[in-house]
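Shown next, in structure tokens, is the structure this report addresses.
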Amino acid sequence: MENIASTSQNGDDSRVAIKKRKVDHKVEGSIVKVVLKNFMTFTDVVYTPHSKLNLIIGPNGSGKSSIVTALILGFGGNPKDINRGDKVSQFVKLGKSAAEISIELYKRSDQNVNLKRTIYASNDTCNYYVNNALVTKKKYTDVVESFNIKVHNLCQFLPQDRLEDFSKLDSKGLLINALQSIENKDLLNNFEKLKSLASSMTTYDVDKKNLQDRIKSEVAVNLKLETIVSTFTEKKSLEEQLLVVIQKRCWTLYVLAWQQISGEKKKFEESKKHNNVALSLINQQREKIKNKKLGENNLKNVILQNANAVIKLVEKLNNQVGAVECHLSDINEFKKNVKKRSIKVEDLTESISSIEEKLQSIKNETLNVEECKMELTEINKNIKNIELNIYPMRSNLESVKNKLKGLTEKMYAIDQELEREKRKEDGKNQLLQRKFPEIWKAIKWLRNCDKLTIFRGQVFEPLFTQIELHDQKNAKYIENIINYRDMIAFVFEYGEDMTIFNKIVKQEHWKKINSISAPPAHININELPNYDINSLRQFGFYTYALDMIQAPSVIRRYLAKNYDMQNIPIGSKEVINNLQRLPSNIGFFFAGNDQVHIKTSNYTGEKITRQTQISNESQFLLFSVDSNLIKSLTVKKEEVRVNCEHFEKQQIELNNQLRITEDSRQPFIARKKEIQGNFMKFQNRQQAYDKIIKDVEFKKCELKTEKEMLIKLSSQNLQLINKYFDSMNGVIETMDNYSISINDLIASTSIVRNCCVDMKEENKVLKQLKKLYETNLNNFNVYLKYIQKLESEFKKILDVALHWSRGLSPYDKTLFLTMKRKLDAIEQEDIDDLDELIVEKKAKLNCLHTDQNAPQLITEYKERKIKIKNLEKTLENLNQSAHTKEYEIERLYSEWFPKIQELKNLLCVNFQKFLLSFGCSGVIELDVGVTRYDFQAYGLLIKVQFRNDIPSLRLLDAKCQSGGERALTTAIFLLCLQEVTHFPFRIVDEINQGMDKVYERKLMELFMELFEDRHNQYFVVTPKLITNLTFKNTTVDIIFCIDK
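So the sequence shown is numbered by the working numbering: it starts at 19 and just counts up by one.
Rendered as structure tokens:
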């Protein structure tokens, strides 16, 4: 069907005919022109609306609401704003790649604003243009909102699919939508601020009471601890007094020790002086010995000089002897070299003679080359004939091997698949053992018992073990259809078998065992669906639940009867978009991951849809075993095994034939190798002959060179012998000088030996003095150790005093002054008196008993006091914050409430006036909640009275008014908002739906009357034009949408 917009009765199918109209005063943001290309059912449409009232008329399904949809999407809206799916690509005409929506808005400047939105069908994306320039969606929506066009506000855009949403708005929603519609944005902003402030104030009293209770609780706990704190404080005071007495005792001991060590140090100094006198005598004797040693050292230096002269002569003699030895070594080396070269000359002479003999033998060897070539040709011909027979044999053998390999791989694949199915069965058994141990006991009993004797008909293990899925992905649907108890139930063909089994279960004390019985065989169960699945594919369905599984006929009959699985269709998410088009008797189905229930109300006839998401995780059907697959795989495996045996026999026969043929070729190959070897040897000998000639010439040249070198070496040997005799003469001369120097060294050594005898006496005297000094020194060291012991004890006393004084000492004059005053305050000076005072203080301390947790309690007491102060400060801040917020609420409320009252009054006056023209009455009231600051409850209450038999005004809702009455009230409320808001245009779609003819006519007459002197634009979509309607002093475009 092709949708075409027209104003003529005969319907021009290629363009939109527009009447000539007088120039109107337009509001900025009014719609001047709308162009649609490939949008929904429109191919190419240009719509030019009037600046005031526009009626869009056409029968249902003709596409009149498509223009409203195009305007909402063209202004940046999305499909959810009109309750038409969630993908914008669905609005592209079928078979087209993209759709365009172009809107021209009036602007008081010279140039209007052109908006364009391009929608692509392939990837659900859009491009946005402002005055033909590509912009972002944010920029696009900012331009739209700059004209105060609010796509999401139902007061401006009320499409057919959102009309029910508007009528269901509560008082709060009506107030919010009204505030969003008016020019003064401060009213909405201040309202939101008041709600926020009031929300925070609701918690003030609770927070205040909680803080006060906490403060009282903390103070009460501290009062209980005050006795412990006072006792502990008294004990601390006594401990401090005891500490001062101990400190005085320590420092008194320190003074006494200091006096003792000072006296001993004076005696030590006198002893030290005596030791110094003895040390001076030792030093004098050492000086005397030193002078004598100096003379001795001078003589030793003379000896050393003579010794150095001897050493130098020895070094010179060694060098000369070394030179002689070098000459002698060179002579011996020359002799060896001459001998080697003589041997080499002899070897070269013998080698040349042997090579010449070898050359003569090579010349004598011959080979008939032509005969060898002819024989090789004949051999190659025989080998080629044999290989021509081998090639097809090898091809056949390779073909057989490949076939055998393919069959082996195929058998391995079949084994793997059978193993996988076996693992599924094992997995199913493990699941039963782990999750259902009692059921597993019953299964083991059932497998081991004689079923034919006990039961009349078929008995099946738990139902979920008998269901085989064609596709594991579909497990989620089956598990959401069949309930838990049936899934784990044993299935019986006959009811009496189930009774027998239940008795056995009771006897064996098995728990949590369920059993079900299939419908009797005489009952006819229809497993065919109500609709052929092919007829449902247009809605997005692709199969039925029963077609997804394979199970024994008894179980399929049970599922068909109890769950009607043959009539539960499964589809994709596309089904959600086609809910309204589904056949009426499809009440339960799956769409993607959603489970959908559709129920028709017995009172209103409306469809109630409940949509829930299902889990993708399977609990029971994790291991679906395909028994048909196992059977077919077993048959295939046997066929493959037979084929394998056949090809293995064929392979053995071909191998034997190939081996016999290849063996017949071996004599020819051996003879060929022999001939080729002889020929290669002949060629190698010919090549060797040329090389040997070159070697003979080279060796002769080498022999000549060696003979010349022998003559040259003989002359060099004579020169070395002359140098050897010259070196020997120098050695003899150096030996004479060495003999003279040795005699001088012996004479000086005898003089030094006599001086050493006198030094022994002097050293003896020095030794006696040292012994006397060491005796005094030992006594001195003993005394020194005594002094050191006193100092060590003194240091310990000081350490103890510093420990009790916490590191303070009399040397820290400023810091120690406070402690000195405390010490002076104690009258006792003697150590014994101080010890008595310490015992007395300790006795008093022992009499004071304190809680062992006193330190922790004191810490808690102090922390709690700080906590109480902080809580009191928090309470003060809370009170201050509450006063501030209360003041701010009063200030905002005093500004906001009179204005909201004024807005309500203005709406109410217009509402009463408009309803009065219909012969009805009504009022708009402001709902101010129950409490003073209950701004969350603020809203607009609409009360109406349509019939005289109703005594008073009633609140607008679905229980008290009919659909037509609610639609009329909605329309009148929107007209009231038109009087106080500043939208450039409004759009309502089939607002007269459900009205009787009287109300419908009066509403249209009211539209005509109101828009006679107003400049705002209004779009009203209605399925029919009211006859004999009078248009007062204005031109109204009526657009008919008719079939081509």
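Where a beta carbon is used, it is the ideal one built from N, C-alpha and C, also for glycine.
{"Asked": "By how many angstroms is the C-alpha of Gly-589 removed from the C-alpha of Thr-630?", "Found": "15 angstroms"}
{"Asked": "From this set, Lys-284, Leu-790 and Asp-99, which residue's C-alpha is nearest Leu-299's C-alpha?", "Found": "Leu-790"}
{"Asked": "So the beta strand (DSSP E) Pro-587 belongs to, where does it begin and stop?", "Found": "587–589"}
{"Asked": "Taking the continuous beta strand (DSSP E) assigned at Leu-89, which residues delimit it?", "Found": "No beta strand (DSSP E) holds Leu-89; the alpha helix (DSSP H) holding it covers 82–92."}
{"Asked": "If Phe-964 sits next to Gln-979, beta carbons under 8 angstroms apart, how far is it from one beta carbon to the other, in whole angstroms?", "Found": "7 angstroms"}
{"Asked": "Under three-state DSSP, which class holds Thr-1045?", "Found": "coil"}
{"Asked": "Looking at Lys-376 and the ligand HEM, is the gap between the Cβ and the nearest heavy atom below 7 angstroms?", "Found": "As far as ligands go, the structure on display features none, and thus does not contain the ligand HEM."}
{"Asked": "With a cut-off of 8 angstroms, do at least 3 Cβ pairs link the region 511–531 to the region 549–558?", "Found": "no"}
{"Asked": "Pick out whichever of Thr-561, Glu-389, Tyr-951 and Met-429 has its Cα sitting closest to the Cα of Gln-694.", "Found": "Glu-389"}
{"Asked": "Could you give the distance in angstroms between the alpha-carbon of Ile-1044 and the alpha-carbon of Arg-1019?", "Found": "7 angstroms"}
{"Asked": "Per DSSP, what are the beta-bridge partners of Cys-144 in this structure?", "Found": "Ile-137"}
{"Asked": "Among all the DSSP beta bridges, which residues are the ones paired with Leu-802?", "Found": "Note: Leu-802 sits in no beta bridge, so no partner."}
{"Asked": "Buried or exposed: Phe-1037, going by 16 or more other Cβ atoms within 10 Å of its Cβ?", "Found": "buried"}
{"Asked": "Whole-angstrom Cβ separation of Leu-728 and Val-356, contact assumed at under 8 angstroms?", "Found": "6 angstroms"}
{"Asked": "Looking at C-alpha atoms only, which residue of His-540, Glu-545 and Val-477 is the closest neighbour of Glu-514?", "Found": "Val-477"}
{"Asked": "Can you give the Cα-Cα distance for Lys-114 and Gly-95, rounded to whole angstroms?", "Found": "22 angstroms"}
{"Asked": "Does the distance from the CB of Ile-121 to the CB of Val-1039 come in under 8 angstroms?", "Found": "no"}
{"Asked": "Assuming Lys-283 contacts Ile-805 (C-beta within less than 8 angstroms), just tell me the rounded distance between them.", "Found": "7 angstroms"}
{"Asked": "Going by beta carbon distance, what residues of the same chain come within less than 7 angstroms of Asp-1, once the five residues before and after it are set aside?", "Found": "Outside the shown range of the chain, which is 19 to 1062, sits residue 1, and nothing can be said about it."}
{"Asked": "With the cut-off set at 8 angstroms, would you say Lys-105 and Thr-59 are in Cβ contact?", "Found": "no"}
{"Asked": "In chain order, what residues of the same chain lie with their CB nearer than 8 angstroms to the CB of Leu-738, ignoring the 5 residues before and after it?", "Found": "His-345, Asp-348, Ile-349 and Phe-352"}
{"Asked": "Within its chain, find whatever has a CB closer than 6 angstroms to the CB of Lys-1015; leave out the 5 residues flanking it on each side and keep chain order.", "Found": "none"}
{"Asked": "Within the continuous beta strand (DSSP E) that includes Arg-628, where are the two ends?", "Found": "625–631"}
{"Asked": "From the DSSP output, which residues share a beta bridge with Thr-1040?", "Found": "Ile-75"}
{"Asked": "Should Ala-563 be labelled buried (16 or more other beta-carbon atoms within 10 Å of its own) or exposed?", "Found": "buried"}
{"Asked": "Suppose contacts are defined by Cβ-Cβ distances below 8 angstroms. Is Val-653 in contact with Leu-425 by that definition?", "Found": "no"}
{"Asked": "How about the region 496–513 and the region 569–589: do they share at least three Cβ pairs that are nearer than 8 angstroms?", "Found": "yes"}
{"Asked": "Please report how far the alpha carbon of Ser-24 lies from the alpha carbon of Gln-930, in whole angstroms.", "Found": "At Ser-24, the pLDDT of 39 sits below 50, so the modelled position is not reliable and the matter cannot be decided from this model."}
{"Asked": "Would Leu-639 and Glu-435 qualify as a contact pair, given that the criterion is a beta-carbon distance under 8 angstroms?", "Found": "no"}
{"Asked": "Which first and last residues belong to the beta strand (DSSP E) in which Phe-1003 is found?", "Found": "1003–1007"}
{"Asked": "How far does the beta strand (DSSP E) with Gly-940 in it reach, from first residue to last?", "Found": "939–945"}
{"Asked": "Does Ile-329 pass the burial test, meaning 16 or more other C-beta atoms within 10 Å, or should it be called exposed?", "Found": "exposed"}
{"Asked": "How far does the beta strand (DSSP E) with Thr-618 in it extend, from its first residue to its last?", "Found": "612–618"}
{"Asked": "So, Tyr-147 versus Val-50, is the Cβ gap smaller than 8 angstroms?", "Found": "no"}
{"Asked": "Over what stretch of residues does the alpha helix (DSSP H) that includes Asp-504 continue unbroken?", "Found": "502–505"}
{"Asked": "Indicate the three-state DSSP secondary structure (helix, strand or coil) for Ser-1066 in the structure shown.", "Found": "Since the first and last residues shown for the chain are 19 and 1062, residue 1066 lies out of range."}
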